[in-house]
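Note sheet for the following structure.
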Amino acid sequence: MKELSLHILDIVQNAIVAQAANIHIFIDENMMDDKLTITISDDGSGMDEQFVKQAINPFTTSRTTRRVGMGLPLLKQAAIECMGDLKIESSLNVGTKVEVWFQHSHINRVPIGNMVETIVTLLIDGSHFNLQYTHKINEQQMIFDTREIRQILGDVPLNHPDVIEWVRKSLQGEIMELYQYYKG
Ligand SMILES: Nc1ncnc2c1ncn2[C@@H]1O[C@H](COP(=O)(O)OP(=O)(O)OP(=O)(O)O)[C@@H](O)[C@H]1O
Ligand SMILES: [Mg+2]
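Sequential numbering from 123 applies to the sequence shown in the working numbering.
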């Protein structure tokens with residue numbers, strides 16, 4: 123079973139292939155409703171209505187190297203096993219929103235995993251898009267936004283090793299703080 127952070131990496135990579143300039147990852151952990159919702163939205167090339175309907179079918183792909191696209195179907199399957207589901211909203215030349223939800227406490231629900239490494243991986247292999255990552259637990263939330271970091275960095279590229287190391291440490295700290303609130 124793949125951790126959710128790795129599924130998120132897959133879904134964001136679809137947005138990058140679709141040439142998105144702005145990508146937003148939103149993780150919403152609502153303990154009152156016992157629900158975990160992950161939303162990934164982008165302003166990339168999008169899909170038409172017909173393609174959206176087929177995109178969660180494992181035999182739909184615009185890849186040329188391999189006939190079967192598995193990113194979306196695998197995540198949908200993981201959600202269905204936890205009383206959740208996955209839905210896609212998309213329109214051509216506007217963008218795409220993938221929303222997936224799970225029963226938070228479900229015994230089969232895979233852990234969120236290492237979001238720090240997912241974000242860092244995305245920054246290392248492509249820093250030409252804006253990436254926002256919001257993580258909310260009940261009423262508490264943290265926001266990571268590459269636009270803010272770029273303002274501070276000026277000409278220093280986002281994937282400079284020192285910057286990556288700083289992002290890794292500060293994001294780690296913020297996520298830990300977020301979970302500490304939840305534990306009370
Ligand atoms: N955010 C997106 N914007 C535009 N098209 C998308 C987006 N996400 C998915 N698609 C389309 O849906 C297809 C299926 O996506 P999926 O992630 O399931 O498989 P894949 O990316 O083709 O292959 P894999 O993820 O297994 O490497 C993609 O090939 C792409 O054409
Ligand atoms: Mg994919």
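The beta carbon of each residue, even a glycine, is placed where N, CA and C say it ideally should be. Nothing here was measured: the structure is a model prediction, and the numbers come from that model.
Buried is the label assigned to N136, since at least 16 other Cβ atoms lie within 10 Å of its Cβ. Beta-bridge partners assigned by DSSP to L253: I145.
For N179, the closest C-alpha among the options A140, L158, D164, L208 is that of L208. Between ligand 2 and N179, a heavy atom-to-CB distance of less than 6 Å is absent. Nearest in C-alpha terms to V238, of all of S163, R290, L194, R231, is R290.
Distances from the alpha-carbon of G168 to those of I210, R272, L131 put I210 closest. From the listed residues V216, N260, N236, I202, the smallest Cα separation to E171 is found for V216.
For the pair of segments examined, the segment 241-249 was found to touch the segment 278-297: the number of CB pairs separated by less than 8 Å reaches three. Here DSSP, grouped into helix, strand and coil, assigns S213 to strand. The criterion of a C-beta distance shorter than 7 Å is not satisfied by I297 and E151.
For a cut-off of 8 Å, the C-beta gap from I145 to L253 is around 5 Å, short enough to register as a contact. Ligand 1 approaches A140 closely enough that one of its heavy atoms is under 6 Å from the residue's Cβ.
Look at T159 here: in three-state DSSP terms it is strand.
Looking at the DSSP output, V220 sits in a beta bridge with I162, I210. In this structure, the C-beta of L194 approaches ligand 1 to less than 6 Å from one of its heavy atoms. In terms of CA proximity to F251, P279 leads the group P279, I265, F224, R185. DSSP, reduced to helix, strand and coil, places D132 within a helical segment of the structure shown.
The Cβ neighbour count for G206, taken over all protein chains shown within 10 Å, is at least 16; the residue is labelled buried.
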